[in-house]
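Presented below is the structure to which this report refers.
2 protein chains.
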Amino acid sequence: MNFSATSDLKEIRNLVNQELLNFVANENKYLNEIGSELGPVAMAMERFLLDSGKRLRPLFAYIGFLGTGTKPSVEILRAAAALELIHVCALMHDDVMDASDTRRGAPSIHKAFEAMHIEKKLSGSADQFGISAAILLGDLALVWSAKMLHQSGISGDTLIRALPMYDEMRVELMAGQYLDIYEQALATQSVERSLKVARYKSGKYTIERPLHFGAALGGANQELMKTYSDYGLPLGEAFQLRDDILGIFGNPQETGKPAGDDLREGKRTVLLAMVMELADSSQKAEINSALGNQNLELAQVNKVREIFESTGALSQVENLISTLISSAQSALEHGEIEPLAKVALEQLLTIATQRTL
Amino acid sequence: MNFSATSDLKEIRNLVNQELLNFVANENKYLNEIGSELGPVAMAMERFLLDSGKRLRPLFAYIGFLGTGTKPSVEILRAAAALELIHVCALMHDDVMDASDTRRGAPSIHKAFEAMHIEKKLSGSADQFGISAAILLGDLALVWSAKMLHQSGISGDTLIRALPMYDEMRVELMAGQYLDIYEQALATQSVERSLKVARYKSGKYTIERPLHFGAALGGANQELMKTYSDYGLPLGEAFQLRDDILGIFGNPQETGKPAGDDLREGKRTVLLAMVMELADSSQKAEINSALGNQNLELAQVNKVREIFESTGALSQVENLISTLISSAQSALEHGEIEPLAKVALEQLLTIATQRTL
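Keeping their order, the protein sequence lines are chains A and B.
If you count the first sequence from 1, position 331 lands on 329 in the working numbering, and the numbers rise without skipping.
If you count the second sequence from 1, position 222 lands on 220 in the working numbering, and the numbers rise without skipping.
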């Protein structure tokens, strides 16, 4: 197959989407052969992928590969695209764990299957059916990711070089997710602990490891791996901190979640840990009454937002993001990276922390 | 490393256990390095593996390999052992989906983490924390399986030959699990549909695919693959049917579950579908009042057991098991399999359907 190399992020994203859809269409055909009962599974998997966004992990993996200077191919693109399916698993399971009803403005998977249970008048608990389906669809996405990588058409040697990074990324994701649920369950907040969760849950999983995975596909040396860590770890933390801010201040039309959704969910973020260190007792009481309140009104969201601003917590997190971005930028400037890939990594730095593409 | 080949099942099982424990000890060291918060995860993973039983999937994979006549090695043993961790994932997630409180006589993972939440007086819902932890530990087991396979030390060529079987097995497991939860939610019973669930959930996943995986590791030809299907598919269905019987008639001390637990859980099995076809309306009413009854007393279990016997449903399933076993046996007799492996497969036939080792 003829493959024209590109370092244009939108073009790569379109190619990634195409490969993902081809793969899923093929797998769905197989599911439908097993039984028509699996039709809703196939449809939900495809819709979830179509609805989704930035493909950050495939982009970092592919650009990480380009940075090695090795000639790219459609096979490498497919291997990079496979990372998106790990993320599909993470999101589906995350929504069950957080009991989130929506994802990108649409019902989350467990809610969609709960609705199907009700609509088809199935027996037993609709709630439990939805959760079970979401666990299985997430598991399936995790398995599909590996299958897509294995079938990508890359050579055995290339695959074997990249598998350790691939495995590391997945272990760190699950470890980071556990650190997160444990942190959520602790009564007291700590900036330090929240930063560690951000490092494992996002820093490594979203940016550093995808870059390493791409680099390993391209046969990178240890120096490039180190440069990618120096760029990826701070950028990943900045990405998570931006997510924290959007969870409180984000526009529902952009986030697909209600305003101040992290408050409603009672999410323990770095931003929250900071405001708790800075707030006085009446401000703390105001925040505590909002945290985990399922019926939170916009007026109360706005009141809490004001506390994040007046205490300086918001600007502290913004400053931290800037510092982390500078550190990632400097790693990029000093690293030996193929020039077109370097330009793309600069663009990704903005995309990852501004959260638009 | 010096490796003495054996086809003794107990010896292989001990070697499999040793490899699993080595792998998990190593991974747990890494988890503890990430953070002491992960201590309970590490402990739960190890305990779950230690508590568990028959290692059927590693045994079938290893014997499937021996059947090719290729010289075995500790690396192959490790690759076969990796299948057990897929099963750990399946069991952990299954217990969440079935809301089962116990597994092999001990609290299931979500119950154990729920208890930890209560004991440590953590905040938020203990129930939800337990479920989240069990989802993540299952995910981790699924990833560990792949990592154990990738790191087994088998050559790249061998690995690449076996990956398609490995992936197929995992996709079929997840598809079979969904068929199962969907079947559970349907108001009406069907023997045919229940048999299909048994085929995907157990037939392929427990026996046929592990044999294929082992065969692929050994570079088997298509004929041996076919023999393994002819042996493995009926045997796998027989295995599931035996499980159905144990779910109603099993001794709690052997199953690690309360007497008649499948009734309490309202499980839709082939056995149940058969009794529903044969029972009169008062018998059906008796069964329906037991199904899903969390406070089921032993007297009522015994009454329902009697209906399974008097209607002939139990003996129909026993007859079906015998027919399936004969069919597996005949495949074995006619297949070209390395002689020592053939003997082991005969033993496994008994073990898989009598459920003791």
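Even glycine gets a Cβ: it sits at the ideal position worked out from N, Cα and C.
Remember, it's a predicted structure, so these values are computed and weren't measured experimentally.
Non-local beta-carbon contacts of Leu270(A) in its own chain, meaning distances under 7 Å to residues more than five positions away in sequence, involve Gln187 in chain order. Counting along the chain, Leu231(B) sits inside the alpha helix (DSSP H) bounded by residues 220 to 247.
The bridge partners DSSP lists for Thr100(A) are Pro105(A). Counting only Cβ-Cβ distances below 9 Å, Phe46(A) has no contacts in chain B at all, with the closest Cβ about 15 Å away.
Closest by C-alpha distance to Val14(B), out of Gly254(B), Ser71(B), Glu344(B), is Ser71(B). The C-beta distance from Phe46(B) to Ile84(B) rounds to 13 Å, too long to meet the 8 Å contact threshold. Residues of chain A whose Cβ lies closer than 7 Å to the Cβ of Met172(B) are, in chain order, Leu134, Asp137, Leu138, Val141. DSSP, read as helix, strand or coil, puts Ile84(A) in helix. For Lys265(B), the nearest beta carbon of chain A is not closer than 9 Å to its own beta carbon. Between Gly151(B) and chain A, the shortest Cβ-Cβ separation is not below 9 Å. Contact check for Gly234(A) against Thr204(A) passes: the beta carbons are separated by less than 9 Å.
Within the region 91 to 171 of chain A, the complete alpha helix (DSSP H) segments of 4 residues or longer fall at 107 to 117, 124 to 148, listed in chain order. For Val169(B), the nearest CB of chain A lies under 9 Å from its own CB, placing it at the interface with that chain.
In this chain, the alpha helix (DSSP H) harbouring Leu215(A) covers 207 to 215.
In the structure shown, Asn293(A) falls within a coil segment according to DSSP collapsed to helix, strand and coil. Phe211(B) is positioned such that its CB atom lies no closer than 9 Å to that of Met146(B).
Considering only beta carbons, the part of the region 90 to 108 of chain A lying closer than 9 Å to chain B consists of His91, Val94, Met95, Asp96, Ala97, in chain order. Going by beta carbons, Arg266(B) and Gln292(B) fall outside the 9 Å limit. In this model, Ala40(A) and Leu120(A) are separated by some 19 Å (Cα to Cα). Contact between Glu170(B) and Lys202(B) holds, since their C-beta atoms are separated by about 5 Å, short of 8 Å. Flagged as an interface residue toward chain A: Ser121(B), by a C-beta distance shorter than 9 Å. For the pair Ile32(B) and Ile243(A), the Cα-to-Cα distance works out to about 26 Å. Under the Cβ distance rule, His85(B) does not count among the residues neighbouring chain A, no pair being separated by less than 9 Å. Considering only Ala42(B), Thr66(B), Ala79(B), Lys69(B), the residue with the shortest C-alpha distance to Arg55(B) is Ala79(B). Between Ile129(B) and Ile74(B), the CB-CB gap reaches or exceeds 9 Å. Contact with chain B is absent for Tyr203(A), since none of that chain's Cβ atoms lies less than 9 Å from the residue's Cβ. Sequence-distant partners of Leu330(A) (beyond 5 residues in either direction) whose C-beta falls short of 7 Å from its own C-beta, in its chain, are Tyr229, Lys340, Leu343, Glu344.
If you look at Ser2(B), you'll find it isn't in any alpha helix (DSSP H); DSSP assigns it neither H nor E. At a cut-off of 4 residues, the continuous stretches assigned as alpha helix (DSSP H) that sit fully inside the region 299 to 347 of chain A are 311 to 332. With a cutoff of 9 Å on beta-carbon distance, Ala183(A) and Leu29(B) are scored as not near each other.
According to the DSSP assignment, Pro250(A) belongs to the alpha helix (DSSP H) that extends over 250 to 253. Against chain A, a Cβ distance below 7 Å from Ala185(B) picks out Ser121.
Taking the CA atoms as reference points, Pro250(B) sits about 5 Å from Ala257(B).
As the crow flies, the alpha-carbon of Leu48(B) is around 42 Å from that of Leu276(B).
Judged by beta-carbon spacing, Leu322(B) lies beyond the 9 Å limit of Leu215(B), meaning their Cβ atoms are not closer than that value.
In this structure Glu206(B) is in contact with Ser227(B), their Cβ atoms being roughly 6 Å apart against a cut-off of 8 Å.
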